[in-house]
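Mapping of the sequence shown onto mature numbering (1 follows the signal peptide of the UniProt record, and there is no 0): residues -17 to -1, 1 to 98, in sequence order. Worksheet: the structure to be examined is printed underneath.
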Amino acid sequence: MQLVVFAVMLILPSLQSDGSSFGSVIHDDCADIIDRAGEMNCGLVGSGDIDDYDPNSCTVRCTGGARPKLPLGVCSGDGVSCTPIVREGLRNWEQKMRTILHNVLAKWCQSCPKK
């Protein structure tokens, strides 16, 4: 009997929170994806690190002054609305930045480890 009570006490908090931790999918916040991809983008254009992003002009602000554009469809009239479609577009942009970075490193950094 004590074992049953103990098991219920362990499971009860998860059930009280609507079981949202079971089978839930973790989504990156759009701002996090913009930060990661923007960091790569700023570096690839030779303009330092990401400083911020400007949802009004739909650009990333780099510390070196460059302002690369965010992908098409990311910004609406009132900034970035992190819908599943926008999130997917940002993930695609991040993957594109990773691919470009990988290709640059493969060509120009012969001593870099190959993956």
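No residue lacks a Cβ here, since even glycine has one placed at the ideal position from N, Cα and C.
- Message: For a minimum of 3 consecutive residues, which ranges assigned as the beta strand (DSSP E) are wholly contained in the segment 25 to 84?
- Response: 33 to 37 and 42 to 45
- Taking the C-alpha atoms as reference points, what is the distance between C13 and I83? 21 Å
- Query: Going by C-alpha distance, which of C92, R81, S94 and K90 is nearest E22?
  - Reply: Considering only alpha carbons, the answer is R81.
- Task: Spatial neighbours of V69 within its chain, please: CB distance less than 8 Å, with the 5 preceding and 5 following residues excluded, ordered by chain position.
- Result: C13, G56, V57 and V63
- Task: Indicate whether G72 and P54 have their beta-carbon atoms separated by less than 8 Å.
- Result: Judged by beta-carbon spacing, P54 lies within the 8 Å limit of G72, meaning their Cβ atoms are closer than that value.
- Query: If we ignore side chains and look at the alpha-carbon of each, how far apart do N75 and N24 end up?
  - Reply: 13 Å
- Alpha carbon to alpha carbon, how far is N86 from T46? The C-alpha of N86 lies about 24 Å from the C-alpha of T46.
- Query: Between W91, V28 and R50, which lies nearest to S40 when the distance is taken from Cα to Cα?
  - Reply: R50
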